[in-house]
Structures are given as structure tokens and as C-alpha cells.
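Okay, so the sequence shown: first residue is 1117 according to the numbering used here, each after it adds one.
Here a beta-carbon is modelled for each residue, glycine too, at the ideal position from N, C-alpha and C.
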Amino acid sequence: MAFNPRHLPAVCIALGLTQLVPALWIVIAPHSFFAHVGPFGTYNSHYLGDAAAFQAGIAVILIAAARYEALQAGALAVALMTVSLHALNHWIDVNAANGSSNADVSDAVLLTILALLTIAPLQAAMRSRAACGS
């Protein structure tokens, strides 16, 4: 069963939100984000700001891709690579967080699942672009 390209806008929004929510959390309450999600090493507001900027940038292009079909394949490719590399990083650092955190194998598994779920929409977007001759 192939992925239905009509669902691409919804997928782009959903994936965009997976990037936007943590970015906003970092911007609004960086110490809370660090304590609950990213207690790796010592607190560094600059690196947290960098992470928020990258995630927000990916979120914006994914959300824009929901409206502009020409952006979908590229935005989904970036999302797939970002989430895949993020998952790989979590697999490398399993159980390396400081203090109490959910940064254990479950984070690596969830990120891996998200990456795998991004493959079919990306393939559909690429097929759609090819069919349009773009």
C-alpha cells in the first residue's frame, strides 16, 4: 500500500510541529528544557539557542511545504536526514544524560521510528515531483 500524496500537507505540518515545539520550549524556558530533555554536560544557553534556531528553521520550511508543494520533497528530505542523525546521536549517547531524564533508549527508539515514518512521505513527494516533470 503506497502512501497517498494527498496526505503530504498534513505530514509536513506534523513533522514541522515535532521540530517547532521543542524549539519554542528552548526559547521560552531553556532551563526547563535542559533539565527535562537535554541534560548532557553542563548547561550552555548558546548551544541551546543554536539547537532552537536549527529546529525552528526546519519547522518553518516543513510547515511552508504544507502550502507549497514545490517545497515538499526537499523539506521532507531535510527532515528525514535531521531526524535520522538525531536518532543516531541518541543511540550513541544512550544513558549518557545527567540526572533524571528520559534520555535513554526510548528516545533513540522514538526518533528512529519517526525517521522510518518519514521515508514513505518523502518517496511520495519525490514521485509527485517527478510526475510533474519538475
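- By the Cβ-count criterion, residue 1158 is exposed, with fewer than 16 other Cβ atoms from all chains shown falling within 10 Å of its own Cβ.
- For residue 1131, same chain residues with a beta-carbon under 7 angstroms away, outside a window of 5 residues either side, are 1178, 1195 and 1234 in chain order.
- Assignment of alpha helix (DSSP H) within the segment 1118-1169, counting only whole runs of 4 or more residues, yields 1124-1144 and 1146-1152 in chain order.
- For residue 1204 against residue 1241, the beta-carbon gap comes to about 23 angstroms, at or over 8 angstroms, which does not count as contact.
- In this structure, residue 1231 keeps its C-beta atom at 7 angstroms or more from the C-beta atom of residue 1207.
- For the options 1222, 1187, 1168 and 1189, the alpha carbon positioned closest to that of residue 1136 is the one of 1168.
- Of the other Cβ atoms in all chains shown, 16 or more fall within 10 Å of the Cβ of residue 1150; this residue is therefore buried.
- For residue 1223, the secondary structure class from DSSP, reduced to helix, strand or coil, is helix.
- When only Cα atoms are considered, residue 1186 and residue 1175 end up about 16 angstroms apart.
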